[in-house]
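Enquirer:
In full-length UniProt numbering, the protein residues as written are 1 to 166.
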C-alpha cells in the first residue's frame, strides 16, 4: 500500500459544520490512516463564520480522532492534495442532484490532478435533509437546530445571530 492510499482529504466549506458533515468525516476517518479535513476559503462565498472559526469548531468536535487533521486552504484542493501527497478525495453526497454536481467537479479535478481519485460517500439516511444554508436560515428565524448540528455549533450560531441582529 502506498502512502497516497493511506491518506485522504475531505474538503468543504463547513459553514457551519453539521451532523451530516461529522458523520461523513468520522466514517471516512475509519477508512484511512490519516484524513485531512480541509476547510475551504472560497473568496466567492459569503460565510457566516471565518475559516478560523470553522476550523476551531471542527477541531473541538473531532478532538478524539487522532488521525484527523483539520486545516484551511485558500486555493485549489487538488493542489493541496498534490502538495501533501494525498491520493484520495472523499466527497459526501445526499441526493442525485449532489452527485451530478460532484461528478462534474470530480472530472475537472481529475484533469487538474490525474493522480487524485475521488470517492463518493452517500450520507447516512438520518442526515439526508441537512444543508448548511437551510440550517443558517432556520437559525436566523429562531428554529431549534439542535438535532442538526453539534451542541458547540448550536451555541456558536446563537451567538453569531445575536451579533448580526444587534
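All C-beta atoms in this analysis are idealised placements derived from N, C-alpha and C, irrespective of residue type, glycine included. It should be emphasised that the depicted structure is a prediction, and the values quoted were computed from it without experimental measurement.
Shortest alpha-carbon distance to residue 78 belongs to which of 144, 29 and 108?
Expert: For the options 144, 29 and 108, the alpha carbon positioned closest to that of residue 78 is the one of 108.
Enquirer: Is any heavy atom of the ligand MG found at a distance shorter than 7 Å from the C-beta of residue 116?
Expert: Ligands are entirely absent from the displayed structure, and the ligand MG is therefore not among its contents.
Enquirer: Quick one: Cα of residue 6 to Cα of residue 142, how far?
Expert: 43 Å
Enquirer: CB-CB under 6 Å to residue 65, same chain, minus the five flanking residues each way: which ones, in chain order?
Expert: 29
Enquirer: For the alpha helix (DSSP H) containing residue 76, list its first residue and its last residue.
Expert: Looking at the DSSP string, residue 76 is not in any alpha helix (DSSP H), and its letter there is neither H nor E.
Enquirer: Straight-line CA distance for residue 45 to residue 33?
Expert: In a straight line, the C-alpha of residue 45 is about 31 Å away from that of residue 33.
Enquirer: Does the beta-carbon distance from residue 22 to residue 68 come in below 8 Å?
Expert: For residue 22 and residue 68, no; Cβs fall outside 8 Å.
Enquirer: Could you pull out every residue in the same chain whose Cβ sits closer than 7 Å to the Cβ of residue 122, ignoring the five residues on either side in sequence?
Expert: Taken in chain order, the residues that qualify are 93.
Enquirer: Return the CA-CA distance between residue 162 and residue 150, expressed in angstroms with no decimal places.
Expert: 19 Å
Enquirer: Give the straight-line distance between the Cα atoms of residue 116 and residue 25, rounded to the nearest whole angstrom.
Expert: 18 Å
Enquirer: Under 8 Å between the Cβ atoms of residue 15 and residue 47?
Expert: yes
Enquirer: If I follow the unbroken alpha helix (DSSP H) through residue 58, where does it start and stop?
Expert: Looking at the DSSP string, the run of the alpha helix (DSSP H) that includes residue 58 is 51 to 61.
Enquirer: Would you mind reading off the limits of the beta strand (DSSP E) that contains residue 7?
Expert: 7 to 12
Enquirer: Would you report the Cα separation of residue 88 and residue 155, rounded to the nearest angstrom?
Expert: Linking residue 88 to residue 155 through their CA atoms gives a straight-line distance of about 33 Å.
Enquirer: My output table needs one value for residue 118: the three-state DSSP class, helix, strand or coil.
Expert: strand
Enquirer: For residue 73, is the classification buried or exposed, using 16 other Cβ atoms within 10 angstroms of its Cβ as the cut-off for buried?
Expert: The residue in question, residue 73, is buried, as its Cβ has 16 or more Cβ neighbours within 10 Å.
Enquirer: Closer than 6 Å by C-beta to residue 96: which residues in its own chain qualify, once you throw out the five before and the five after it? Chain order, please.
Expert: none
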